[in-house]
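With the first letter of the sequence shown counted as 1, position 137 gets the number 159 in the working numbering; the numbers rise by one all the way through.
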Amino acid sequence: MKRLMLITTLAAATLLPVTAASAWPGRPSDPPTAGDPVHEPNWLPDRGAYYEDTYDTRYRDRFRDRWVVLSSFTPARQGRETVQLTGRERRIDRLKIRSVRGAPIVTQVILQYGNGQYERRPVNIQLRPGQESTISLAPDRRVERIMVLTDPKSGGAYTLLGAG
């Protein structure tokens, strides 16, 4: 038993530093190489700036189905919720109303476009908890404001999401 423990200890003492050293790509004091992303000319440290630059360009297909939360956990007892859209949020072409608590009754959605025109979309649906309702919008028009009308007596809460 003592011999087994001695062999195990010796093996760990001799092999462990070799395997640990081979797993490390280099010493921390080594100068960075040309392949490191920080030293590439077009490397950006955060995704946010890159995302803004490429949202409406040739990379639009990569970002098409990303849902953005426009309002979260809105009680239906308010009766009306108005969401003002800015920036890239105005380019949405789909809305999703998701029930997060209770069973809110959504009666209609009113959209105000950038040119000042309004569009009323009757929804008239009672959403069970976790249920969603998706509304398709015109992809070539920019939405400036969204108003969601609910039945105040229905209770519950919902979340409004948009994708473009």
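The beta carbon of each residue, even a glycine, is placed where N, CA and C say it ideally should be.
For residue 144 and residue 130, believed in contact at Cβ under 8 Å, the rounded distance: Position 108 of the sequence shown, counting from 1, holds the residue named residue 130. Position 122 of the sequence shown, counting from 1, holds the residue named residue 144. Going by Cβ atoms, the distance from residue 130 to residue 144 rounds to 5 Å, so yes, they are a contact pair.
Contacting residues, own chain, Cβ-Cβ under 6 Å from residue 109 (five flanking each side not counted): Locating residue 109 in the sequence shown gives position 87, counting from the first residue. Nothing meets the Cβ criterion.
Would you report the Cα separation of residue 163 and residue 106, rounded to the nearest angstrom? As a position in the sequence shown, residue 163 is number 141, starting the count at 1. As a position in the sequence shown, residue 106 is number 84, starting the count at 1. Each residue's alpha carbon lies about 15 Å from the other.
Measure the alpha-carbon distance for residue 77 versus residue 88 and round it to whole angstroms. Here residue 77 refers to the residue found at position 55 of the sequence shown. Here residue 88 refers to the residue found at position 66 of the sequence shown. Low confidence applies to residue 77: its pLDDT is 48, below 50, so where it sits in the model is not reliable, and the reading given next is rough at best. Taking the Cα positions, residue 77 is about 11 Å away from residue 88.
Would you call residue 165 buried or exposed, if buried means 16 or more other Cβ atoms sit within 10 Å of its Cβ? The residue labelled residue 165 in the question sits at position 143 within the sequence shown. Residue environment: residue 165 is assigned as buried (16 or more neighbouring CB atoms within 10 Å of its CB, all protein chains considered).
Whose C-beta lies closer than 7 Å to the C-beta of residue 91 among residues of the same chain, with five residues either side of it excluded? In the sequence shown, residue 91 corresponds to position 69, counting from 1. Once the five neighbours on either side are set aside, the close Cβ partners of residue 91 are 181, 183.
Residues bridged to residue 156 (per DSSP): Numbered from 1 along the sequence shown, position 134 holds the residue referred to as residue 156. According to DSSP, which records beta bridges pairwise, residue 156 is partnered with 118.
Please identify the residue among 147, 127, 136, 159 whose C-alpha is closest to the C-alpha of residue 179. Within the sequence shown, the letter at position 157 stands for residue 179. Here the closest residue by C-alpha is 127.
Extract the residue ranges of the beta strand (DSSP E) inside the region 136 to 184, only unbroken runs of 3 or more that lie entirely within it. The region 136 to 184 contains these whole beta strand (DSSP E) runs: 140 to 148, 154 to 158, 165 to 172.
DSSP three-state call for residue 88: helix, strand or coil? On the sequence shown, residue 88 is found 66 positions in, with the first residue counted as 1. DSSP places residue 88 in coil when its eight states are reduced to three.
Neighbourhood of residue 153 by C-beta distance below 8 Å, restricted to the same chain and skipping five residues each side: Indexing the sequence shown from 1 puts residue 153 at position 131. In the same chain as residue 153, and ignoring 5 residues on each side of it, the C-beta atoms closer than 8 Å to its own belong to 120, 121, in chain order.
Collapsed DSSP secondary structure at residue 129 in the structure displayed: Working through the sequence shown from its first residue, we reach residue 129 at position 107. Note: residue 129 maps to strand in three-state DSSP.
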